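> Be aware that the sequence shown starts at 846, since it is given in our numbering, and climbs by one per residue.
Mind looking over this structure? Questions follow.
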Amino acid sequence: MKAKQGNLKIVLAGLLLAILMASMDNTIVATAMGTIVGELGGLDKFVWVTSAYMVAEMAGMPIFGKLSDMFGRKMFFIFGLIVFLLGSILCGTAESIIQLSIYRAIQGIGGGALIPIAFTIMFDTVPVEHRGKLGGLFGAVFGLSSIFGPLLGAYITDYINWHWVFYVNIPLGLLALVFIAFFYKESPVHSKQKIDWWGATTLVGAIISLMFALELGGNKYSWNSGMILGLFTIFAVLFVAFIFIERKVTDPIISFPMFKVRLFTTSNLLGLLSGMAFITASVYIPIYIQGVLGGTATNSGLVLLPMMLGSVVSATTGGFLMSKWSYRNIMIVFSVILAVGMFLLTTLKPNSGRFLVTIYMILTGLGIGATFSVLSNAAIHHFEPSQRGSVNSNVSFIRSLGMTLGITVFGIIQRNEFSSKLKDIFAGMGQEKMFDNPAFKDPRVLLAPEARAHIPAPVLDKITAALSSSITHTFMWALIPTALAFIAAMMMSKERLDSSVEYQQAASE
846 MKAKQGNLKI VLAGLLLAIL MASMDNTIVA TAMGTIVGEL GGLDKFVWVT
896 SAYMVAEMAG MPIFGKLSDM FGRKMFFIFG LIVFLLGSIL CGTAESIIQL
946 SIYRAIQGIG GGALIPIAFT IMFDTVPVEH RGKLGGLFGA VFGLSSIFGP
996 LLGAYITDYI NWHWVFYVNI PLGLLALVFI AFFYKESPVH SKQKIDWWGA
1046 TTLVGAIISL MFALELGGNK YSWNSGMILG LFTIFAVLFV AFIFIERKVT
1096 DPIISFPMFK VRLFTTSNLL GLLSGMAFIT ASVYIPIYIQ GVLGGTATNS
1146 GLVLLPMMLG SVVSATTGGF LMSKWSYRNI MIVFSVILAV GMFLLTTLKP
1196 NSGRFLVTIY MILTGLGIGA TFSVLSNAAI HHFEPSQRGS VNSNVSFIRS
1246 LGMTLGITVF GIIQRNEFSS KLKDIFAGMG QEKMFDNPAF KDPRVLLAPE
1296 ARAHIPAPVL DKITAALSSS ITHTFMWALI PTALAFIAAM MMSKERLDSS
1346 VEYQQAASE
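The following block contains the structure:
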């Protein structure tokens, strides 16, 4: 339903605030985690603070997307805002790391509704001829959140109190709530469907099992432990059950016939693969700059600034080009740029200058940004408005899954490579026992200037060389999803954003 021009601007402002709040949440909290753990304790459990949010968010995305198609966007968007704000307030009152993890899960439930439904409301309300520009703006918010989240988190933690890392959501969320509740006028006509409770239950259970297996494997438990193997087994059983249920029910949570549409399938595949490459660069570039080059930046927001600015530019550019070029051609161009940027990252050396690193980061950011604005538009191209919630939630879910897999798989590669090289270094020095020190197995020990100051210069040079080599080795492996993303772009069909299609759909309704 198209909104009046004045109301539309207010609605879009509310959607942008909600997206900024939800997408910034993980980055702003990550900056404060050291202080939070120092005050609440529970160093061995702090991983749950992030995992609980991600699990709840990913599990909720396809479910809330489907429910918004069935009962309306506004109801579940407001529900997501209220739950997210409630979770934020509770997080600020947490007195233990376990409490904080539980409250973060509540936040994640709200986040699972916010982002996919926000994009769907935008597609419902914005005329198709303006959708490309707005898609670029919405995509740019993700890049901006990656910049300002850590900066804001560091400032709040240092100068106010870590509790306000969560309380800062309240004014943003309340403003978004007012804008959407009073100015978004939704059509009362929705598709009448049954809720697929069994599908929802098996999907949530499968996601929870997979996420915990990936988060705990290789860290708290070994990969061949009974706990991790059991979690993978539960995931496999529930996922098979989910597929069986979805093929039988009348109104499934995830409609497999959607994947028969070539543009939808390739858009999701491209989101999965590019997400894996992007998260690898986002995680390991700060470690390289601070651990290898000895940079003084204290948070990833400053370190990643060039890459994130590049992503904002290409998100906006990609949105502008959608009405002129096919989705396929846009993604081919930016996939090539991403591949060039990722390849150049594999050439980094311990003595590479900061200027070179900055250029490589900008290219990588330019390559990834267009996916934020283009893929959602491409995915919904062949679907009726009544299916947009499910389509958008699928895109968000699969991109999040790609990032989660990227963090896990490439984290294992980097960790093993770094440990192997350290073992060789200490063996060559006749200091094998030094390798038993857990600090030397964690590259973050090199990030703190005070830690580096206590390491003899010859030893530090060898360790930084090992760290540099392990990171570039990881970037080489990340070229695999990057190359596959280019192939996925080549496989896309040749549609472009076309207003005539939208008008035909409106007329048929």
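All residues carry an ideal CB built from backbone N, CA and C; glycine is no exception.
As the structure is a computational prediction, the values presented were derived from the model and not from experiment.
1. How many whole angstroms separate the CB atoms of Ile-1182 and Leu-1208, which I take to be in contact at a CB cut-off of 8 Å?
2. Within 10 Å of its beta-carbon, does Tyr-1004 have 16 or more other beta-carbons around it, so buried, or fewer, so exposed?
3. Quick check: the Cα distance between Ile-947 and Ile-954, rounded to an integer number of angstroms?
4. Between which two residues does the alpha helix (DSSP H) containing Ile-1052 stretch?
5. Consult DSSP for Met-1205 and reduce its assignment to one of helix, strand or coil.
6. Is there contact between the region 910-922 and the region 993-1003, where contact requires at least three CB pairs shorter than 8 Å?
7. Run through the region 1145-1225 for me and flag every whole alpha helix (DSSP H) of 4 or more residues, listed as ranges in chain order.
8. So, at 7 Å on beta carbons, what are the nonlocal neighbours of Trp-1322 in its own chain, with the 5 sequence-adjacent residues on each side left out?
9. Of the residues Leu-865, Ser-1054, Asn-1196, which one's Cα is nearest the Cα of Ile-960?
10. Note the first and the last residue of the continuous alpha helix (DSSP H) segment covering Gln-952.
11. Around the C-beta of Val-1023, are 16 or more other C-beta atoms found within 10 angstroms, so that it is buried, or is it exposed?
12. How would you write the range of the alpha helix (DSSP H) that Glu-1091 sits in, first residue to last?
13. So what does DSSP say about Tyr-1004, is it helix, strand or coil?
14. Pull up the CB-CB distance for Met-1187 and Ile-1130, whole angstroms please, since I reckon it's below 8 Å.
15. With H, G and I counted as helix, E and B as strand and the rest as coil, what does DSSP make of Tyr-898?
16. Measure the alpha-carbon distance for Ile-908 versus Thr-1249 and round it to whole angstroms.
17. Please report the residue range of the alpha helix (DSSP H) in which Ser-1313 lies.
18. Can you tell me whether DSSP reads Tyr-1066 as helix, strand or coil?
19. For the putative contact between Pro-1326 and Met-1176, defined by C-beta atoms under 8 Å, what is the C-beta separation to the nearest angstrom?
20. On the criterion of 16 or more Cβ atoms from any shown chain inside 10 Å, does Thr-970 qualify as buried, or is it exposed?
21. Which of the three DSSP states, helix, strand or coil, is assigned to Asp-1096?
22. Does the beta carbon of Gly-905 fall short of 8 Å from some heavy atom of the ligand ZN?
23. Can you say whether Gly-1018 is buried or exposed, counting buried as having 16 or more other CB atoms within 10 angstroms of its CB?
24. Buried or exposed for Ser-1235, please, with buried defined as at least 16 other CB atoms from any protein chain shown within 10 angstroms of its CB.
25. Give me, in chain order, the residues of the same chain whose beta-carbon lies closer than 8 Å to that of Ser-1054; leave out the 5 immediate sequence neighbours on both sides.
26. Figure out for me which residue from Thr-1309, Met-1103, Leu-935, Leu-1211 has the closest Cα to the Cα of Pro-1195.
27. Applying the 10 Å Cβ sphere with the 16-neighbour rule, what's the burial state of Asp-1306?
28. Can you round the beta-carbon distance between Val-900 and Ile-1052 to whole angstroms, since I take them to be within the 8 Å contact cut?
29. Output yes or no for whether 9 Å exceeds the beta carbon distance between Cys-936 and Leu-926.
30. Just mark Met-1335 as buried or exposed, buried being the case when its beta carbon has 16 or more other beta carbons within 10 Å.
31. Leaving aside the five residues before and after Ile-1372 along the sequence, list all residues of the same chain whose C-beta is less than 8 Å from its C-beta, in chain order.
32. So, is Phe-929 buried or exposed, given that buried needs 16 or more other C-beta atoms within 10 angstroms?
33. Measuring only the C-alpha atoms, how far is Gly-1410 from Ala-1045?
34. My guess is that Ser-1241 and Gly-977 are in contact by the Cβ rule of under 8 Å, so how many angstroms apart are they, rounded?
35. Less than 9 Å between the beta carbons of Leu-1189 and Ala-1330, yes or no?
Looking at the atomic coordinates:
1. Numbered from 1 along the sequence shown, position 337 holds the residue referred to as residue 1182. Numbered from 1 along the sequence shown, position 363 holds the residue referred to as residue 1208. Contact between Ile-1182 and Leu-1208 holds: their C-beta atoms lie close to 6 Å from each other, under 8 Å.
2. Counting from 1 along the sequence shown, the entry for residue 1004 is found at position 159. By the neighbour-count rule (16 or more Cβ atoms within 10 Å), Tyr-1004 is not buried but exposed.
3. Translated into positions along the sequence shown, residue 947 becomes position 102. Translated into positions along the sequence shown, residue 954 becomes position 109. Our two residues, Ile-947 and Ile-954, have alpha carbons roughly 11 Å apart in a direct line.
4. Your numbering for residue 1052 matches position 207 in the sequence shown. Per DSSP, Ile-1052 belongs to the alpha helix (DSSP H) from 1042-1061.
5. Here residue 1205 refers to the residue found at position 360 of the sequence shown. As written in the sequence, residue 1205 is Tyr, which differs from the Met given in the question. Reduced to three states, the DSSP call for Tyr-1205 is helix.
6. no
7. 1145-1148, 1150-1166, 1172-1190, 1199-1225
8. For the purposes of this step, residue 1322 is taken as the residue at position 477 of the sequence shown. For Trp-1322, same chain residues with a beta-carbon under 7 Å away, outside a window of 5 residues either side, are Phe-1255, Ile-1258 in chain order.
9. Counted from its first residue, the sequence shown places residue 960 at position 115. Measuring from the Cα of Ile-960, the nearest candidate turns out to be Leu-865.
10. Mapped onto the sequence shown, residue 952 falls at position 107. For Gln-952, the enclosing alpha helix (DSSP H) covers residues 942-970.
11. Position 178 of the sequence shown, counted from the first residue, corresponds to residue 1023. Per the 10 Å Cβ criterion, exposed.
12. On the sequence shown, position 246 is the one that residue 1091 refers to. 1071-1093 is the extent of the alpha helix (DSSP H) around Glu-1091.
13. For the purposes of this step, residue 1004 is identified with residue 159 of the sequence shown, where counting begins at 1. Correct three-state label for Tyr-1004: helix.
14. Looking up residue 1187 in the sequence shown gives position 342. Looking up residue 1130 in the sequence shown gives position 285. About 11 Å; that fails the 8 Å criterion.
15. Within the sequence shown, numbered from 1, the residue matching residue 898 stands at position 53. Tyr-898: helix per DSSP, three-state reduction.
16. By one-based count along the sequence shown, residue 908 stands at place 63. By one-based count along the sequence shown, residue 1249 stands at place 404. Each residue's alpha carbon lies about 19 Å from the other.
17. To locate residue 1313, count along the sequence shown from 1; it is residue 468. Start and end: 1302-1336.
18. To locate residue 1066, count along the sequence shown from 1; it is residue 221. Here Tyr-1066 sits in strand by DSSP.
19. For the purposes of this step, residue 1326 is taken as the residue at position 481 of the sequence shown. For the purposes of this step, residue 1176 is taken as the residue at position 331 of the sequence shown. Actually they are not in contact, since the Cβ atoms of Pro-1326 and Met-1176 sit about 14 Å apart, beyond 8 Å.
20. Numbered from its first residue, the sequence shown carries residue 970 at position 125. Answer is buried; the Cβ neighbour count reaches 16.
21. Position 251 of the sequence shown, counting from 1, holds the residue named residue 1096. In the structure shown, Asp-1096 sits in coil (DSSP, three-state: anything other than H, G, I, E or B).
22. In the structure shown, the ligand ZN is absent, as is every other ligand, since no ligand is present at all.
23. Here residue 1018 corresponds to residue number 173 of the sequence shown, with the count starting at 1. Its Cβ being crowded by 16 or more others within 10 Å, Gly-1018 is buried.
24. As a position in the sequence shown, residue 1235 is number 390, starting the count at 1. Per the 10 Å Cβ criterion, buried.
25. As a first step, residue 1054 is located in the sequence shown; it is residue number 209 there, counting from the start. Contacts found: Leu-1076, Phe-1077, Ile-1079, Phe-1080, Leu-1083.
26. If you number the sequence shown from 1, residue 1195 lands on position 350. For the residues Thr-1309, Met-1103, Leu-935, Leu-1211, the minimum Cα distance to Pro-1195 belongs to Thr-1309.
27. Counting from one through the sequence shown, the residue named residue 1306 turns up at place 461. By the 10 Å Cβ count, Asp-1306 comes out exposed.
28. Position 55 of the sequence shown, counted from the first residue, corresponds to residue 900. Position 207 of the sequence shown, counted from the first residue, corresponds to residue 1052. Val-900 to Ile-1052, Cβ: 7 Å. Contact.
29. Walking along the sequence shown from the start, residue 936 turns up at place 91. Walking along the sequence shown from the start, residue 926 turns up at place 81. It is not a contact, given that the beta carbons lie outside the stated cut-off.
30. Against the sequence shown, residue 1335 aligns to sequence position 490. With fewer than 16 other Cβ atoms within 10 Å, it is exposed.
31. In this structure the chain extends from 846 to 1354, so residue 1372 is not present and cannot be described.
32. Working through the sequence shown from its first residue, we reach residue 929 at position 84. Buried, since its Cβ has 16 or more Cβ neighbours within 10 Å.
33. Outside the displayed span of the chain (846 to 1354) sits residue 1410, for which this structure offers no information.
34. As a working note, residue 1241 is residue 396 in the sequence shown. As a working note, residue 977 is residue 132 in the sequence shown. Incorrect: roughly 19 Å between the Cβ atoms, too far for contact.
35. Within the sequence shown, the letter at position 344 stands for residue 1189. Within the sequence shown, the letter at position 485 stands for residue 1330. No, these two residues do not count as a Cβ contact at 9 Å.
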